[in-house]
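Enquirer: Here it is, the structure, as structure tokens.
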Amino acid sequence: MAPLREQLWFFLLAATCLLNLCPRSCVAESFWPWIKPEQQKISVRHPSQLPHIALPDTPRPPTVSDLQWDGPTRNLSLDEAIRTALSNSEVIRVLGGVTAVASGRTIYDVAISNANIDVAQGRFDPTLSVDNFWNRRESPFAFPDPGDPTRTLLDASRSDAYDLNFDLSKTNLAGGTWSLGVNDGTTRVPGAALLDPANRTSLDFSYTQPLLRGSGRAANQVPIVLARINTERSYFQYKSSVQQQVRDVIGAYWALVSARTVLWARQQQVYQADFALKKAEAGNRVGNLSPGETALPRVTSANFKSILIAAKADVLQREAALRSIMGLPAYEPQRITPVTPPSEQRLHVDWETIVSMAEQYRPDIIELKLVLETDQQRLLQARNLALPQVNAFGLYRWNGLDGVMPVGDPITSSLNLANDWTLGINFSVPIGLRASRAQLRQQELILSRDRAQLTQGLLTASHLLAANLRNLEQFFEQYQATHETRAAARDNLEYQMANVSQGLFDFINTLQAIVSWGDAVSAEAQLLALYNTEQANLELQTGTILETHGIFFYEERYGSIGPLGRLGSQKCYPRAKPPSENDNLYPVGDEPAEEFFDLTDPLQKRKRPSHDTLPPLDLPPLPEPIEEVPKAREFQLQQPRAMLPQTPLR
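Just so we're aligned, residue 11 is where the sequence shown starts under the numbering used here, counting upward by one.
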């Protein structure tokens, strides 16, 4: 029989030859299926192989070629628009142009960050470990043959053992570690033995305490404090996104009101230009105007129609932007009609108050303050890590032995028969502490940098508030000036269109009157919309826009695995931090919001109502007979020959 060593070498040689002769795929997937082949090519699944997501059933959206404005309308107040956006804010959206995009924040972010607190606190939880081992050891040995001393026999000794290792340890806030250990081992040896089985038991208690590096409650609680600060940062970042979403809803709402007003003004300009064009064409037909004089009204009418198309497209875009920021489908059969009129009341702002509010409530300023607290905690940790490692160690162990004697009687030792104890101090330090000192310097510089960032953040906030204040005053003053401009432009338009009606064709002045009136109406609506939006911007910059609208955050909880694991009952934990509904802050009108701008036809009073007819003339009968009117005498005017030819007046 071949020796065991030769058998092992033969087996390894055969396996190597088999691996070299067989194809790689055969070896990997047929012979040894648990060995996977190398990834020597890029494998990408086709998009059709990915799971499909159910899409909302959305009808075709309107376009300038298919406005779909004949359907029902939905009266929407500004409070309802904000409330709808908040109810659909599982993912926080902000406006990016005319389409809302995800801000990267969700209602789950704070709860996700909050779980890291327990992760950090888990270091100080007790740790339990239990090890069980059943061992059988058979060791071969050689011994002389009793029948022939020149020969040797082989045999094996056998022993069966069971080992139980129990350890319970706990790290405290001071950095020390308590440990309680129990070891129990049973050994059975066939044949002659003093104890069979023999049970060796030990109970030990130890404690390790860092004296320099790793010691101190403050240094050991740094990870927990950092986790709490990160949760607060996550909350204020989330709050900042919600504030931006509310501001964008307000901005999109007033932009839609402005676009609808501009659309009405462009429609009136088209009507006015068409009226002037018809008068010009009528004058051309009777010979009062040449074809060249009708070209300007025709170009003007076509230009206003092109501008009207752009105004219609802007209304569609603004309504789509409002739907997007509210979390609604791209289109619904009901057209949105805003019914909250804009405010034209002057807002009086106390500069010192808003600056103080911004310093206290702005989420970005709060986050910079939290960053400073984070730096201070990391600096405390870096100072602790820049110390040598010195640990004090102490252990005391009780050893016991019991078993069964060869005569079959049990024997047990007392608890204090054999006791061990150990005391010691461990010291270790990198020579020079280069890395620790570098990290400490780095953290000191980071703290200085973030202090400068906080100062700059406060300066930036004050500049933004100053810009908001200037914009508020500018838009309000411009609105009042434009309101007067609109009245003057209307008077001018009425005068010019009256001249057109009477055949006094001065189309340059008429064109200027139409453009000035339409621009005045559009500017008035746009400036008032900007003024109302700027009020929301001021609330955003002070960090109080949510409090102003009565919006708060509440905590949703859910059941998850508890401390007892799957065998115990579930415990409630934070799940999300959604915003509450807003209070009713804005007035609600009975008509579309654009009616606030007095959308009446400036030429309406020149038009005769269709039901207005003149009464019949009731003239007295003419007397008989009527005398014949004598013919007029023919006059001849003499003109100088050098100026006009002599022709009789007919």
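Using N, Cα and C, we set each Cβ at its ideal position, and we do this for glycine too.
For L204 and F143, what's the separation of their Cα atoms in angstroms?
Expert: So the two alpha carbons sit approximately 23 angstroms from each other.
Enquirer: Unbroken beta strand (DSSP E) runs of length 3 or more, entirely within the stretch 558-609: which are they?
Expert: The qualifying runs are 566-570, 581-586.
Enquirer: Do you know offhand how far S53's Cα is from A340's?
Expert: Answer to the nearest angstrom: the Cα atoms are 36 angstroms apart.
Enquirer: If you follow the beta strand (DSSP E) that T73 is part of, which residue opens it and which one closes it?
Expert: From DSSP, T73 is part of no beta strand (DSSP E); its letter is neither H nor E.
Enquirer: Distance, Cα to Cα, H621 vs P612?
Expert: Since pLDDT at H621 reaches only 42, below the 50 mark, its modelled position is unreliable, and the value read off the structure follows with that caveat. Cα-Cα distance, rounded: 20 angstroms.
Enquirer: I'd like the list of long-range same chain contacts for E544, defined as Cβ closer than 7 angstroms, with 5 residues on each side in sequence excluded.
Expert: So the list reads N478, N481, L482, F485, once near-sequence residues are dropped.
Enquirer: In the DSSP assignment, find the unbroken alpha helix (DSSP H) run with P80 in it and report its ends.
Expert: It is worth fixing the name first, because residue 80 is Asp in this sequence and not Pro. Counting along the chain, D80 falls outside any alpha helix (DSSP H), and DSSP gives it neither H nor E.
Enquirer: By Cβ distance, which residues of its chain are closer than 6 angstroms to L540, with the 5 residues on each side in sequence left out?
Expert: The answer, listed in chain order, is F485.
Enquirer: Is the separation between the beta-carbon of S75 and that of T271 shorter than 9 angstroms?
Expert: Their beta carbons are not under 9 angstroms apart, which means S75 does not touch T271 by this criterion.
Enquirer: Rounding to the nearest angstrom, what Cα-Cα distance links R388 and P589 in this structure?
Expert: If you take the alpha carbons of R388 and P589, they lie about 33 angstroms apart.
Enquirer: Out of curiosity, what's the CA-to-CA distance linking R447 and N436?
Expert: Roughly 22 angstroms separates the two Cα atoms.
Enquirer: Under the three-state reduction of DSSP, which class applies to S446: helix, strand or coil?
Expert: Helix at S446.
Enquirer: Go through its chain and collect everything with a Cβ distance to C27's Cβ below 6 angstroms, but skip five positions before and after it.
Expert: Once the five neighbours on either side are set aside, C27 has no close Cβ partner at all.
Enquirer: Excluding sequence positions up to five away, which residues of its chain have a Cβ less than 7 angstroms from the Cβ of N547?
Expert: Correct list, in chain order: R257, N478.
Enquirer: So, is R679 buried or exposed, given that buried needs 16 or more other C-beta atoms within 10 angstroms?
Expert: Residue 679 is absent from the structure shown; the chain starts at 11 and stops at 660.
Enquirer: Is it right to say L22 is buried, meaning 16 or more other beta carbons lie within 10 angstroms of its own, or is it exposed?
Expert: Looking at its Cβ environment, which holds fewer than 16 other Cβ atoms inside 10 Å, L22 is exposed.
Enquirer: What does the alpha-carbon distance come out to for the pair N193 and P61?
Expert: Roughly 54 angstroms between the two C-alpha positions.
Enquirer: What three-state label does DSSP hand V192 in the structure shown?
Expert: Three-state result, V192: strand.
Enquirer: Quick check on S244: does DSSP put it in helix, strand or coil?
Expert: Here S244 sits in helix by DSSP.
Enquirer: Pull up the CB-CB distance for V414 and P207, whole angstroms please, since I reckon it's below 8 angstroms.
Expert: So it is a contact: roughly 6 angstroms between Cβ atoms.
Enquirer: Less than 9 angstroms between the beta carbons of G226 and Q399, yes or no?
Expert: Cβ atoms of G226 and Q399: not closer than 9 angstroms.
Enquirer: Measure the alpha-carbon distance for L183 versus A229 and round it to whole angstroms.
Expert: Their backbone Cα atoms lie some 9 angstroms apart in a straight line.
Enquirer: Among the residues of its own chain, which have a CB less than 7 angstroms from the CB of F606, if the five just before and after it don't count?
Expert: Answer for F606: P351, P352, listed in chain order.
Enquirer: Should G261 go down as buried or exposed, given a rule of 16 or more other Cβ atoms within 10 Å for buried?
Expert: The residue in question, G261, is buried, as its Cβ has 16 or more Cβ neighbours within 10 Å.
Enquirer: Which one of D177, D170, V111, S149 has the shortest CA to CA distance from L164?
Expert: For the residues D177, D170, V111, S149, the minimum Cα distance to L164 belongs to S149.
Enquirer: In terms of residues, what are the limits of the beta strand (DSSP E) holding R345?
Expert: Start and end: 345-348.
Enquirer: Closest to T211 by C-alpha separation, out of A321, L411, S189, Q255, would be which residue?
Expert: Nearest option by C-alpha distance: L411.
Enquirer: Grab the span of the alpha helix (DSSP H) containing A95 for me, first residue to last.
Expert: Element bounds for A95: 88-97.
Enquirer: At the level of alpha carbons, what is the spacing between R576 and G569?
Expert: So the two alpha carbons sit approximately 12 angstroms from each other.
Enquirer: What separation, rounded to the nearest whole angstrom, lies between the Cα atoms of P57 and A64?
Expert: Going by the C-alpha atoms only, they are around 15 angstroms apart.
Enquirer: Is it true that the CB of R276 sits closer than 9 angstroms to the CB of I317?
Expert: Yes.
Enquirer: Taking buried to mean at least 16 other C-beta atoms within 10 Å of its own C-beta, is T68 buried or exposed?
Expert: Exposed.
Enquirer: Whole angstroms are fine: how far does the CA of R147 sit from the CA of P440?
Expert: Near 44 angstroms, if we compare the C-alpha coordinates of R147 and P440.
Enquirer: In whole angstroms, what separates the C-alpha of N124 from that of Q344?
Expert: Straight-line Cα distance between these residues: approximately 42 angstroms.
Enquirer: Determine, using beta carbons only, whether A586 and V232 come nearer to each other than 9 angstroms.
Expert: No, the Cβ-Cβ distance between A586 and V232 is not below 9 angstroms.
Enquirer: Rounding to the nearest angstrom, what Cα-Cα distance links A24 and F151 in this structure?
Expert: C-alpha separation (whole angstroms): 31 angstroms.
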